[in-house]
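Written out below as structure tokens is the structure these notes cover.
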Amino acid sequence: MLEHKQRTSILIFIASFVVMSMLFFDRIPQDPVYHQFADTRKIAGIANFWNVFSNLPFLLVGLYGLWRWNRIIKCNHQNAYIALCIGVLLVSFGSAYYHYAPSTDTLLWDRLPMTVAFMALFSLLLDERVMPREQSLTLLPLLVMGIGSVVYWYWTEVKGLGDLRPYALVQFLPLVLIPLILWLFDSDYLQGRLLVAALGFYLVAKLCEHFDRQLLDLMVVISGHTLKHFLAGIASLCIIVAIPRKHD
1 MLEHKQRTSI
11 LIFIASFVVM
21 SMLFFDRIPQ
31 DPVYHQFADT
41 RKIAGIANFW
51 NVFSNLPFLL
61 VGLYGLWRWN
71 RIIKCNHQNA
81 YIALCIGVLL
91 VSFGSAYYHY
101 APSTDTLLWD
111 RLPMTVAFMA
121 LFSLLLDERV
131 MPREQSLTLL
141 PLLVMGIGSV
151 VYWYWTEVKG
161 LGDLRPYALV
171 QFLPLVLIPL
181 ILWLFDSDYL
191 QGRLLVAALG
201 FYLVAKLCEH
211 FDRQLLDLMV
221 VISGHTLKHF
231 LAGIASLCII
241 VAIPRKHD
């Protein structure tokens, strides 16, 4: 069995390798095709209705998480939990706004809250398993890096020099490290099975996003992107309830 220091060194090595690898990539502009979704049906006067409406789960999960806050076991990282819930809640508004009128300008408001939620989850997991402390040491730096990556991407797009590399890094690196953290480090209070389930739902959601048109052609009534929203909402719920209530 590896010692804690050795397991931490593995994470640091992999993180360093991924970061250094990014330096060898040319800048990555936002693909205009990204804004072209399969389901553009207008219902009740709302353009792209299903891609807008399917953000409702994020609102419900975020509100549930905030309602649940005083009912969960006391932990030392409640700021990260609150940031996670607020991020998920705001995703519902930011994503709905973007999908109502997809553009680079509206995409900014989709990515900002999503990054807050993602960085809050990463902080919660790091502080609970890798660097347990009485107070979170990672939340603020991760939030700054995450929000900064989105602002940098948008600024470069405005300048006509779009560069997604930092944003891609803050999205991709946690997806690599989180499964390793769940495997290598013991849990203090977070329920690992629910986190694994969340990861599974999220990966399936990304597959649905990729096969947006194919799934709409197959099922007719719902597109892959709409399914992505529902599945990502379920993943968010799994994460929220991974912190047990006081009587659990």
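Each step along the sequence shown adds one to the number in our numbering, with nothing skipped, and position 219 is 219.
Don't be surprised by glycine CBs; every beta carbon is placed ideally from N, CA and C.
| query | result |
| --- | --- |
| Nearest neighbour of H35, chosen from P102, K42, L23, M114 [CA to CA] | P102 |
| Between the CA atoms of E209 and A38 - distance to the nearest angstrom | 10 Å |
| Bounding residues of the alpha helix (DSSP H) (the contiguous stretch that carries T156) | 139–158 |
| Same chain only: Cβ atoms within 8 Å of Y98, ignoring 5 sequence neighbours per side | T106, L107, W109, D110 |
| Cβ shell of G87 (< 6 Å), same chain only, five flanking positions each side left out | P113, V116, A117, A120 |
| Three-state secondary structure assigned by DSSP to R213 | helix |
| Inter-stretch contact at 8 Å, needing at least 3 Cβ pairs: the region 56–67 / the region 40–48 | no |
| Three-state secondary structure (DSSP) of I14 | helix |
| Straight-line Cα distance separating P32 from G162 | 11 Å |
| H229, enclosing alpha helix (DSSP H) - first and last residue | 224–240 |
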